[in-house]
Amino acid sequence: MIPPIVRRGLLLAPLMWLAGCDTVVLNPSGDIAAQQAHLVVVSTLLMLLIIVPVMFLICLFAWRYRKSNTAAEYKPDWDHSTKLELLIWGAPLLIIIVLGLITWIYTHLLDPYRPLSRIDENRPIAAGVKPLEIQVVSMDWKWMFIYPEQGIATVNELVTPIDVPVRFHMTSSTVMNAFYIPALAGMVYTMPSMETQLNAVMNKVGVYDGFSANYSGAGFSDMRFKYHGVKQADFDAWVAKTKANTTALTRAEFLALDKPTIKHPIMHFGSVDKGLYDRVLNRCVAEDAVCMNTMMHQDATRIKAAAAAKKLPEDVCEPTTVAATAQPIRKE
Numbered sequence: 002m003i004p005p006i007v008r009r010g011l012l013l014a015p016l017m018w019l020a021g022c023d024t025v026v027l028n029p030s031g032d033i034a035a036q037q038a039h040l041v042v043v044s045t046l047l048m049l050l051i052i053v054p055v056m057f058l059i060c061l062f063a064w065r066y067r068k069s070n071t072a073a074e075y076k077p078d079w080d081h082s083t084k085l086e087l088l089i090w091g092a093p094l095l096i097i098i099v100l101g102l103i104t105w106i107y108t109h110l111l112d113p114y115r116p117l118s119r120i121d122e123n124r125p126i127a128a129g130v131k132p133l134e135i136q137v138v139s140m141d142w143k144w145m146f147i148y149p150e151q152g153i154a155t156v157n158e159l160v161t162p163i164d165v166p167v168r169f170h171m172t173s174s175t176v177m178n179a180f181y182i183p184a185l186a187g188m189v190y191t192m193p194s195m196e197t198q199l200n201a202v203m204n205k206v207g208v209y210d211g212f213s214a215n216y217s218g219a220g221f222s223d224m225r226f227k228y229h230g231v232k233q234a235d236f237d238a239w240v241a242k243t244k245a246n247t248t249a250l251t252r253a254e255f256l257a258l259d260k261p262t263i264k265h266p267i268m269h270f271g272s273v274d275k276g277l278y279d280r281v282l283n284r285c286v287a288e289d290a291v292c293m294n295t296m297m298h299q300d301a302t303r304i305k306a307a308a309a310a311k312k313l314p315e316d317v318c319e320p321t322t323v324a325a326t327a328q329p330i331r332k333e
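See the structure below:
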């Protein structure tokens, strides 16, 4: 027979598995992720204001009105209490209102497209500071990072200086994916033929995990990369070392890399074909491909010319306007 105290301990044993959980989401090193962690903590505490009393009252009522407790007051005809109704509905309503207000504020404050206003809670960004631009392309099954201002690129390795705002421009060469560095900021999707953005900053030197957070096929589990937050001097040295690499990221090289691979090794490119990211975005990396933005411009020009010939109103010639405002005509 197992002693009662041991049996109780065995019931708590599964909780030991939680000791291996990574708490980076609640202890991040980037300011945006830190604000998101604060939102998670505040929201959890607000919800516990309801959850904890409810769980306590469930146990209390079960104990107080157990069958063996003949001293408990018995009211079989009781059906209403205004005070109890106000408590049951009023408290959760107030908490929902507060949660909604906090969520609305943080939704706008932490908009990934919004330029940063601070390095951390104690340091605002000085006027005129320009963010580091990085172009991100999700591929099957690897990540490509292009530094347009430095003229270099990497595969499955990201390096940025700490305390410097970074603006990511992201797209996908294949299917929809999700760019996620828990220590830096929240998850943002990447989609073919579309661009998403993320503004973030890293505040501590270290090596962090980045990965795909959206299932995209057989190599999804290994679609990971290392993110290095380094000091400015170390970043400059890394850029110089990468630029010394004789391998160039040409259109042909990109097409070769775009083929599906699993556990792709880290690669560095000392130069990048001009406008390569825009070609990836507009799906015209191949020599004989027509860029989508060029095609749409030609279509719009052709529609305008046809409308002018028919003497149609100018706004009829704008496909985006028509698509956005067209409404079905209802016959009465």
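Each residue of the sequence shown is one higher than the one before, starting from 2 at the first, in this note's numbering.
In this text, a Cβ means the ideal position worked out from N, Cα and C, and glycines have one as well.
Which residues in the same chain as residue i place their Cβ atom closer than 8 Å to its Cβ, once the five residues preceding and following it in sequence are excluded?
{"i": "aspartate 259", "result": "Met140, Asp141, Ser174, Thr175 and Val286"}
{"i": "methionine 48", "result": "Ile96 and Leu100"}
{"i": "isoleucine 51", "result": "Ala92, Pro93 and Ile96"}
{"i": "asparagine 283", "result": "Ser194, Cys292, Met293, Asn294 and Thr295"}
{"i": "arginine 168", "result": "Pro116, Pro132, Leu133, Glu134, Ile135, Gln198, Leu199 and Asn200"}
Pick helix, strand or coil for residue i, following the three-state DSSP scheme.
{"i": "alanine 34", "result": "helix"}
{"i": "lysine 76", "result": "coil"}
{"i": "asparagine 215", "result": "coil"}
{"i": "valine 43", "result": "helix"}
{"i": "proline 93", "result": "helix"}
{"i": "aspartate 164", "result": "coil"}
{"i": "aspartate 289", "result": "coil"}
{"i": "arginine 284", "result": "coil"}
{"i": "proline 4", "result": "coil"}
Which residue or residues does DSSP assign as beta-bridge partners of residue i?
{"i": "arginine 273", "result": "According to the sequence shown, residue 273 is valine rather than arginine. Answer is Leu250."}
{"i": "lysine 143", "result": "Met140"}
{"i": "glycine 129", "result": "Looking at the DSSP assignment, glycine 129 forms no beta bridge with any residue, so it has no partner."}
{"i": "proline 193", "result": "Ser173"}
{"i": "asparagine 178", "result": "Thr191"}
{"i": "asparagine 200", "result": "Arg168"}
Considering Cα atoms alone, identify which of the options is closest to residue i.
{"i": "methionine 188", "options": "Glu196, Lys205 and Phe212", "result": "Phe212"}
{"i": "valine 208", "options": "Ala154, Pro162 and Ser194", "result": "Pro162"}
{"i": "threonine 191", "options": "Pro266, Pro183, Val138 and Arg168", "result": "Val138"}
{"i": "proline 183", "options": "Ser217, Met203 and Pro116", "result": "Met203"}
{"i": "serine 217", "options": "Lys232, Asn178 and Ala249", "result": "Asn178"}
{"i": "isoleucine 341", "options": "Ile51, Leu110, Val25 and Lys244", "result": "The structure shown does not extend to residue 341, since the chain is modelled only from 2 to 333, so the question has no answer here."}
{"i": "leucine 256", "options": "Ala307, Met296, Asp289 and Ala309", "result": "Asp289"}
{"i": "proline 166", "options": "Val156, Pro193, Leu199 and Ser194", "result": "Leu199"}
{"i": "glycine 276", "options": "Thr251, Phe57, Ile267 and Ile263", "result": "Thr251"}
{"i": "methionine 145", "options": "Met268, Met297, Asp279 and Ala308", "result": "Met268"}
{"i": "glutamine 126", "options": "Pro116, Glu134 and Phe226", "result": "Reading off the sequence, residue 126 comes out as isoleucine, not glutamine. Of the listed residues, the one whose Cα sits closest to isoleucine 126 is Pro116."}
{"i": "lysine 242", "options": "Gln151, Leu58 and Ala38", "result": "Gln151"}
{"i": "alanine 253", "options": "Arg280, Cys60, Ala63 and Leu61", "result": "Arg280"}
{"i": "threonine 155", "options": "His265, Arg303, Val43 and Ala38", "result": "His265"}
{"i": "lysine 232", "options": "Val206, Pro4, Asp210 and Pro77", "result": "Val206"}
{"i": "phenylalanine 270", "options": "Ala234, Ile147 and Gly31", "result": "Ile147"}
Got a sec? Which residues, its chain only, sit under 6 Å from residue i by beta carbon, not counting five neighbours each side?
{"i": "histidine 229", "result": "Val160 and Val208"}
{"i": "isoleucine 33", "result": "Ala186 and Ala201"}
{"i": "methionine 171", "result": "Val137, Phe180, Thr191 and Thr197"}
Keeping to the same chain, check which residues put their C-beta closer than 7 Å to that of residue i; ignore five residues upstream and five downstream.
{"i": "alanine 35", "result": "Pro29"}
{"i": "threonine 45", "result": "none"}
When the cut-off is 8 Å and only beta carbons count, does residue i lie next to chain D?
{"i": "phenylalanine 221", "result": "Among the chains of the structure shown, chain D does not appear; only one protein chain is present."}
I'd like the span of the alpha helix (DSSP H) that includes residue i, first residue to last.
{"i": "arginine 303", "result": "293-310"}
For the beta strand (DSSP E) that contains residue i, what are its first and last residues?
{"i": "aspartate 121", "result": "119-121"}
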